[in-house]
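Written out below as structure tokens is the structure these notes cover.
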Amino acid sequence: MSAVPSSIDPQKVARDAVALGLRLGADEVRASVGRADDVQLQRRGGRLERAQEARTFGLSVSLFVDGRYSSHSSSDMRPEAIAALMERGVESTRLLEPDPDRALPERALMGGLDEASLDLDDPAARQRDPARRREELEALEARAIAAAPADLISTTAHLWEGRSESWMCLSNGFEAQSARTTFGWGVEATLREAETGKLPEGYAFEQAVHLSDRPNIDALMAELDEALALTRRTSACASGRYLMVLDARVVGRLLGALLGPMSGAALHERRSVFLGKLGEQVASPRFSLFDDPTIPRGLGSRSTDGDGLLPARRALIDEGVLKTPLLDVYYARKLGMAPTTGGVSNLVVPIGDRSWRAATAEIPEAIRVTSFLGGNTNPASGDFSFGIRGQLLRHGEAVQNLSEMNITGNILDLYANFVEAADDVRLNSSTRSPSLLFDGVSFSGA
Amino acid sequence: MADLISAVSPPSRPEELYFERFGVTQEALRGVMSAALSRGADDCDLFFEHCVISSVSMADGKVNRASTSIDLGLGVRARVGDQVGYAYTEDLSLAAMLAAARTAAEIAMTTPGRAPVNLQVLGLPSYYPVKERWSGVGMERRVPMLRAWEAAAFARDARVEKVSCQLVDAERVIAVVRPDGRVAQDFQPMTRAVVSVTAQQNGRRESNLYNLAGRAGLELLDADRVNRMVNEAVDRTMFLFDAGKPPAGEMPVVLAAGASGILLHEAIGHGMEADFNRKGVSIYASRMNERIAPSFVTVVDNGTLDGSRGAINIDDEANPSERTVLVQDGVLKSYLHDEISAKHYGVAPTGSGRRESFRHPPMPRMRATYMEPGPHKPEEIIASVKNGIYCTSFSNGQVHIGAGDFAFYMKTGYLIEDGKLTRPLKDVNIIGNGPTALERVEMVGDDLMLDEGGWTCGKDGQGVPVSQGQPTVKVGALVVGGVSQ
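Chains as they are written, first to last, in our numbering: chain A, -2 to 443; chain B, 128 to 612.
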């Protein structure tokens, strides 16, 4: 798979960096080495348009010197370059001001899940025939062209695959090694809409940890058909408050709006709408959100987190109550709390028992949001505003494709008005949430 | 030896090949290009990069965090028409570079191509001379700077509760080597400073920030700029306590001079990138030489503005940077071209072939995009609006190239009622359609200002530094993400 032969032993590089850091006077050192093989192919107009391949390395080092802290990274893996990086790193760290909360985690908190049971490293990656990849991409492009509507003007098919490995070595004796594979492909298409002169685009991209779990061409084509249908003859409907069906494919945007204010940095810097709300009701009792790094073959699963902490499934919000902030070792110390994890893995919202269509069948008008355009969230106040596309629903049936509209509000109000989760969870994503329904969302349009 | 590896030092003589210090000889360069052309590619380029980024941060009253990032590597691109083979390596040994070149060469499948000729280092203009390089500014000088910013922020308003400051400097040398013998080497500095503020008022908290960025050294942070950075960070935070939401719906939008160039960037700029047009997927694909805006609208993308974040002396394909007029007096005049699109259209490249790093092939990108001054006074523009909003600061934006729909996020602004600024506003997304919005530009002020912040443009997974600016502009109608009753 690799274009570039290499004699680098990543584990030895990590161990040597730790040893060198200690020799240079650091009290503690964490070193991580990553190695990744990456292939990207793209076809357009019946031929290969772009082929890219590389093997990359990277070293990251955290230095704890006299109660001071700094971090360093380099893609230059020559021993003399690493030595220079470490020397400069230790020297410059001594000139900073002390921070007593900077230290490696307690050894008892550290650990790793069983790599074999997580099953994140598909052996197929190492047996992959490059010619086979090109054949698969050609077949995907051919299907997309054959199924193209008459007004299609451009189709591009993509395939990407990779295998990444990482080695973490700490001066307290903890070591961890992990590997994961990714197999993805997809197609994007642009139409010429005669009535408006617009060139709306739709796409379908899917990926999986194992090649055998990658959705097939039929699934991609069905997804592309729906995406293109949603782009046709769009317009804005009247401004107002509507029940919102947040499609499972884009639910991550508004789940993500909860995560920023949950972070240790936001809580410590007091720019979090969740400040002082731990253990309190911050959402409807119907809403729960979990972080689960333990799902076998999960796109966000991991055997250990960035600090070397043992991963665990946690309720972030349980029946509307804020349960677990996202605390890495540093911010946990700052806040005087136990560390959890600095970043989420697989986000999980429990699945509901009926479709969004059934859930909206009795609703005279609702809006299904299928994609976002721009927008942002203010983590301190919880205010958000996002551009959206989607469909106007009447009694669960789509009657108008929507564009040039915004949703605006506050995440506390939004999640207080959570109604239910649908039954359409997507498994080929680290956001494992079904479509979510919220009442009384403010839409601006015509 | 340590300094050679972990610090960037520009070539001491113009003809010196920078990457010779990493063992890359002229002979090796010719060999690698021969390998890239070995299967019949029309052309190839080698893109070497050495970049050192240093950062120091202050939080909780202490300058207690620093980081360094070193990037070194080579990207090899082989081209057959518009087909691209690409490979890269962080290992600059001859074996690794040849392996990358052979991988890139596989895009072509014919006979060996032309042989590279002798190499000649190009003379370049200097749009970002550095007065004082950061490599000569030690931590002992940086720490007091951040402390002073923090102290000034606390002193400005008693409601300030937390202040964090960050200073990031990057020194980067690129070398683009072509089989026709051209070698373009450029030293590209970048400085960025940020002050973030959290404040409390009656139990409510708000947070905001201000940043400065440019291709310069220490001199970027002069007293005026630093004062403005600190004061704006504090004042923009306090502004949020009194700010609310506008009503929802379509209304006139006035964009204040400066960062409102984000409108141009999203609504027009991306649609002018010629790769989208070459593929026929931009809404501007068939509109060259057509009127797309009123006659008082002229839009420029300029890589030659001294010290600006979007300035480049040379692009990442070794073509000269330039001032490119995209829209002249309302008429579409040029796209932004890399070599592939320029060949497709039969025009000269516009020096717009840019890439994030050696890990990415180049493509047409913006540099500093702005609208030239127009005939109207800012105050008469505001006075002309019965009911609308006035946007003063922004955080981000996005565009759908084909449909032309774009959005930008207004962080702060005001309601306009009967021609006057009234209620403060915050946190609103504004959405529109690019061509329609351009047609609806009703007034352009005479007060062009380039924003001084650190904007980064994302496209196809690559981020590049850009600048943007605009005079005060009135758009007749955009959809404002206000609150419906």
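Note that the Cβ used here is the ideal one computed from N, Cα and C, for glycine as well. Just so it is clear, the structure is predicted and the values come from calculations on it, not from any experiment.
Query, Result
"Contact under 9 Å by Cβ, B/M570 with B/V600", "yes"
"Rounded straight-line distance, which links the Cα of B/S196 to that of B/Y255", "22 Å"
"Given B/G524 as reference, the closest of B/Y517, B/K538 and B/G515 once Cα atoms are compared", "B/K538"
"Stretch pair the stretch 355 to 369 of chain A + the stretch 330 to 347 of chain A: three plus CB contacts closer than 8 Å", "no"
"Separation of A/P336 from A/S68, as counted between CA atoms", "20 Å"
"Supposed close pair A/M402, A/S441 - CB separation, criterion 8 Å", "6 Å"
"Neighbourhood of A/F171 by C-beta, 6 Å cutoff - its chain only, sequence neighbours within 5 removed", "M107 and G305"
"6 Å Cβ shell around A/S72 - same chain, five flanking residues per side excluded", "G55"
"Nearest candidate by alpha-carbon position, reference B/L565, set B/V424, B/L336, B/A226 and B/I516", "B/V424"
"Inter-stretch contact (C-beta, 8 Å, three-pair minimum) for the stretch 204 to 220 of chain A and the stretch 369 to 378 of chain A", "no"
"Beta-carbon contacts of A/G387 that lie in its chain and below 7 Å, excluding the five residues immediately before and after", "I364, R365, V366, T367 and L399"
"Which of helix, strand or coil DSSP assigns to B/P158", "Residue identity check: residue 158 of chain B is Gly in the sequence provided, not Pro. Residue state, collapsed to three classes: helix."
"Run of the alpha helix (DSSP H) containing A/H265, from where it starts to where it stops", "G261 to H265"
"Alpha helix (DSSP H) segment containing B/F281, residue limits", "M266 to R283"
"Near-chain B residues of the stretch 27 to 52 of chain A (beta-carbon distance less than 8 Å), N- to C-terminal order", "R41, R44, L45, E46, R47, A48, Q49, E50, A51 and R52"
"Buried versus exposed, by CB contacts within 10 Å (16 or more), A/Q513", "This structure leaves residue 513 of chain A out entirely; chain A is present only between -2 and 443."
"Backbone secondary structure at B/R192 - three-state DSSP", "strand"
"Limits of the beta strand (DSSP E) - the one that A/A48 falls within", "R44 to V62"
"CB contact flag (B/E401, B/G561, <9 Å)", "The identity of residue 401 of chain B in the sequence shown is Ala, whereas the question assumes Glu. Not in contact: B/A401 and B/G561 (Cβ atoms no closer than 9 Å)."
"Local conformation of A/P2 per DSSP, three classes", "Any reading at A/P2 needs caution, since the residue's pLDDT is 43, under 50, leaving its predicted position unreliable; the model's value is listed next. Of the three classes helix, strand and coil, the one that applies to A/P2 here is coil, per DSSP."
"B/K460 - DSSP class collapsed to helix/strand/coil", "coil"
"Short CB-CB distance (under 9 Å) between A/V1 and chain B", "In this prediction, A/V1 has a pLDDT of 43, which is less than 50 and means its spatial position is unreliable; what the coordinates show is noted afterwards. Yes - at least one Cβ of chain B is within 9 Å of the one on A/V1."
"Burial state of A/S4 (16 or more Cβ within 10 Å)", "exposed"
"Spatial distance of B/D169 from B/D465 (CA atoms)", "16 Å"
"Where the alpha helix (DSSP H) containing B/A553 begins and where it ends", "Per the sequence shown, the amino acid found at residue 553 of chain B is Lys instead of Ala. Here B/K553 belongs to no alpha helix (DSSP H); instead the beta strand (DSSP E) covers K547 to N560."
"Neighbour flag for A/T179 against chain B, beta carbons, 9 Å", "no"
"Partner residues on chain B for A/G237, Cβ-Cβ distance less than 7 Å", "S611"
"According to DSSP, residues forming a beta bridge with B/M378", "B/L605"
"Those runs of the alpha helix (DSSP H) which lie wholly inside the stretch 91 to 115 of chain A and span at least 4 residues", "112 to 115"
"Proximity test, Cβ basis, 9 Å: A/G371 and chain B", "yes"
"Neighbour flag for B/E217 against chain A, beta carbons, 9 Å", "yes"
"Residue of A/D98, A/D421, A/M334 and A/L92 minimising C-alpha distance to B/G265", "A/L92"
"Own chain partners of B/Y213 with C-beta closer than 6 Å, once the 5 adjacent residues on each side are dropped", "R204, A231 and P488"
"Interface residues of chain A facing B/E298 [CB-CB closer than 9 Å]", "Chain A residues near B/E298: none, gap ~14 Å exceeds 9 Å."
"Min CB distance B/M317 to chain A below 9 Å", "no"
"Same chain, Cβ closer than 8 Å to A/R131, neighbours up to 5 away in sequence not counted", "L38 and L45"
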